[in-house]
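Novice: Taking the working numbering as reference, the numbering of the sequence shown is continuous, increasing by one, and the terminal residue is 81.
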Amino acid sequence: MYENCSKVLRWLETREAVIFRSWIYSSFRSSVRSLKTLRHSNEELRFYQGQIDVLEKIVNLWEDLKTHSLEEVRNKEAPK
Numbered sequence: 002m003y004e005n006c007s008k009v010l011r012w013l014e015t016r017e018a019v020i021f022r023s024w025i026y027s028s029f030r031s032s033v034r035s036l037k038t039l040r041h042s043n044e045e046l047r048f049y050q051g052q053i054d055v056l057e058k059i060v061n062l063w064e065d066l067k068t069h070s071l072e073e074v075r076n077k078e079a080p081k
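This is the structure in structure tokens:
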């Protein structure tokens, strides 16, 4: 899993990824707001919140790799 994460994190450093990440993150946020406004089911809200959580996790890993080695990040993320 961490090997795949490191590939994704390398891609996240590209300009295209920054634009994509901003767009997808704001799209999910706006979808969640719309669903809350329309009073959709909790299951739909959980789905979108789950997607946002995944994006936030990727961004956090990317930020961690800017200041820590991959091994340090792996140790931090490993289940205890």
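Built from N, CA and C at the ideal position, the CB exists for glycine as well.
Tell me which residues share the same chain as V74 and place their Cβ nearer than 7 Å to its Cβ, disregarding the 5 neighbours each side in the sequence.
Specialist: L62, D65, L66, listed in sequence order.
Novice: In this structure, does DSSP put S70 in helix, strand or coil?
Specialist: Three-state DSSP puts S70 in coil, outside helix and strand.
Novice: When DSSP labels each residue in this structure, what does E57 get in the three-state scheme?
Specialist: It is helical.
Novice: Could you check what DSSP says for E44 in three-state terms: helix, strand or coil?
Specialist: If DSSP states are grouped into helix, strand and coil, E44 belongs with the helices.
Novice: How long is the line joining the alpha carbons of E17 and V9, rounded to whole angstroms?
Specialist: Approximately 13 Å between the Cα atoms of the pair.
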